[in-house]
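Asks: These protein sequence lines are chains A and B, in that order. Terminal number for the first sequence in the UniProt record's numbering: 164, no gaps in between. Terminal number for the second sequence in the UniProt record's numbering: 164, no gaps in between. By construction, the Cβ of each residue, glycine as well, lies at the ideal position given by its N, Cα and C atoms.
There are 2 protein chains.
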Amino acid sequence: MTLDSETKAVELPEHHGDELRLWLRLLTCTTLIEGEVRSRLRERFDVTLPRFDLMAQLDKVPEGMTLSDVSKRMMVSNGNVTGLVERLVESGHLDRRTSEADRRVQVIRLTKAGRAEFRKMAAEHELWIADMFGDLTPKDVRELMRLLAKTKASAQRSAKARAG
Amino acid sequence: MTLDSETKAVELPEHHGDELRLWLRLLTCTTLIEGEVRSRLRERFDVTLPRFDLMAQLDKVPEGMTLSDVSKRMMVSNGNVTGLVERLVESGHLDRRTSEADRRVQVIRLTKAGRAEFRKMAAEHELWIADMFGDLTPKDVRELMRLLAKTKASAQRSAKARAG
DNA sequence: CCAGATTTCTTTAGGTTTCAAGTAATTGGC
DNA sequence: GCCAATTACTTGAAACCTAAAGAAATCTGG
């Protein structure tokens, strides 16, 4: 077997192993951090991650959002949001009312108590995240931000091409 | 207000917003790609992502793995693996037997049919991933690999410190 | 050997998640 | 005005997932 044939064997058939390894590494990082956040939220505040995420979306918009807005922002299905909101209204964290202008629409907001509780959790959450990324230099952080933005755009282009 | 006090206001209270934004961006990328892979797997092969992931683990080890191994590698709970394996044995993709040496241990392997089906799916999957990361240059890929490795190590350090 | 600790896996309860189908309200074309 | 299409949300079925408790087998230090 010549060196040529070996080299060809590796390079010719469009070897995409690097991207696959990159994807697995990205997934590992996310799973690792997400699992840690999930554990700490349960341990410290007895709250689930999806509930925290939903409250985080609402905290940014005091006037409230529709269920569809939440669904899009969280990138989860509509049916999922329905159940999540139901439980958070039940527990008093969320306030929900039907829109006057369009009675299909449900507007949800954090209650006073819900907002207070979220702010407490968010403050600690931010420290956890800072600690988990703590070994990265400011330059690393900037560079990672840039590359992930590029990755997001690339994935969106690919997703659109399929759907399109 | 002097320039000094403004500068201090930003720098003193250990503002960790950058890391939080980085985390959200990381999560967005992963969710986006994962959702796309999930859709395509369902559409093309009528298979769920968790099943694909489990088969991917087993494909790497022809002699099979224990449930605990799978659980660790996939970073999911034991109980979760029990159910997943049950359904994949049911559908004929997996073979399962109790270890002779240690009767607590269940060893699972891909069946011939399961392996054949997985290989078909994996080949397309690799192309999807390559396309989704397609706008990144080889240098981008290398740099992202490096930064994610650093991120993983940092998160593990933080997780360990808590559990410690 | 043997009692206690550990390991491996299963079970249970409670949530989360998707997809698909269904209901209700609104919009747009005619 | 009226009907079809669209939009917003809910419901139902099945799968996925975790945490915690439990069962069975193995290991360990007397």
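Measuring only the C-alpha atoms, how far is Gly17 (chain A) from Glu126 (chain B)?
Replies: If I take the Cα positions, the gap works out to 8 Å.
Asks: With a CB to CB cut of under 7 Å and the five nearest residues on each side skipped, what residues in its chain are close to Met75 (chain B)?
Replies: Correct list: empty, nothing qualifies.
Asks: Shortest alpha-carbon distance to His93 (chain A) belongs to which of A:Lys112, A:Thr82 and A:Trp128?
Replies: Checked all of A:Lys112, A:Thr82 and A:Trp128; the closest Cα to His93 (chain A) is A:Lys112.
Asks: Alpha helix (DSSP H) containing Thr30 (chain A): first to last residue?
Replies: From DSSP, the alpha helix (DSSP H) with Thr30 (chain A) extends over Gly17 to Phe45.
Asks: Look up Val76 (chain A) in the DSSP assignment and say whether it is helix, strand or coil.
Replies: Residue state, collapsed to three classes: coil.
Asks: Between Asp135 (chain A) and Arg157 (chain B), how many whole angstroms is the CB-CB distance? I'm expecting something under 8 Å.
Replies: That belief holds up - the Cβ atoms of Asp135 (chain A) and Arg157 (chain B) are roughly 7 Å apart, short of 8 Å.
Asks: Below 7 Å between beta carbons: does that hold for Phe118 (chain B) and Glu19 (chain A)?
Replies: No, the pair does not count as a contact, with Cβ atoms beyond the cut-off.
Asks: For residue 166 (chain A), which three-state DSSP category applies?
Replies: Nothing about residue 166 (chain A) can be reported from this structure: the residues present for chain A run from 1 to 164 only.
Asks: Roughly how many angstroms separate the alpha carbons of Phe45 (chain B) and Leu84 (chain B), rounded to a whole number?
Replies: Rounded to whole angstroms, Phe45 (chain B) to Leu84 (chain B) spans 17 Å at the Cα level.
Asks: List the residues of chain A whose Cβ lies closer than 7 Å to the Cβ of Met132 (chain B), in chain order.
Replies: By Cβ distance, chain A contributes Ser154, Ala155 and Ser158.
Asks: Does the CB of Ser71 (chain A) have a neighbour CB from chain B at under 7 Å?
Replies: Chain B contact via Cβ: absent.
Asks: Going along the chain, which residues of the segment 29-41 of chain A sit with their C-beta nearer than 9 Å to a C-beta in chain B?
Replies: Listed in sequence order: Cys29, Thr30, Thr31, Leu32, Ile33, Glu34, Gly35, Glu36, Val37, Ser39 and Arg40.
Asks: Starting from Asp131 (chain A), follow the alpha helix (DSSP H) in both directions and report where the run begins and ends.
Replies: Where Asp131 (chain A) is concerned, the enclosing alpha helix (DSSP H) stretches over Lys112 to Met132.
Asks: Just to make sure I have the definition right: I need the residues of chain A whose C-beta is within less than 9 Å of the C-beta of Val61 (chain B). Which are they?
Replies: The premise fails here: Val61 (chain B) is roughly 16 Å from chain A at the closest Cβ pair, so nothing lies under 9 Å.
Asks: Could you name the residues of chain B that His16 (chain A) contacts, counting a contact when the two beta carbons are closer than 8 Å?
Replies: Near His16 (chain A) (Cβ distances below 8 Å), the residues of chain B are Glu126, Leu127, Ile129 and Ala130.
Asks: What did DSSP end up calling Lys160 (chain B) once you bin it into helix, strand or coil?
Replies: Looking at Lys160 (chain B) - three-state DSSP - the assignment turns out to be helix.
Asks: Whose C-alpha, out of A:Phe52, A:Lys160 and A:Val70, is nearest the C-alpha of Glu124 (chain A)?
Replies: The shortest Cα separation from Glu124 (chain A) among A:Phe52, A:Lys160 and A:Val70 belongs to A:Phe52.
Asks: Tell me whether Asp53 (chain B) sits in a helix, a strand or coil according to DSSP, three-state version.
Replies: Reduced to three states, the DSSP call for Asp53 (chain B) is helix.
Asks: Express the C-alpha separation of Asp95 (chain A) and Pro62 (chain A) in angstroms, rounding to a whole number.
Replies: Using only the alpha carbons, I get a separation of about 11 Å.
Asks: Give the range of the beta strand (DSSP E) segment to which Thr98 (chain B) is assigned.
Replies: Residues Leu94 to Thr98.
Asks: Consider the Cβ of Met65 (chain A): report whether some Cβ of chain B lies at a distance smaller than 7 Å.
Replies: False, the Cβ-Cβ gap to chain B never drops below 7 Å.
Asks: To which residues does DSSP link Met65 (chain B) through a beta bridge?
Replies: Partner(s): B:Ile108.
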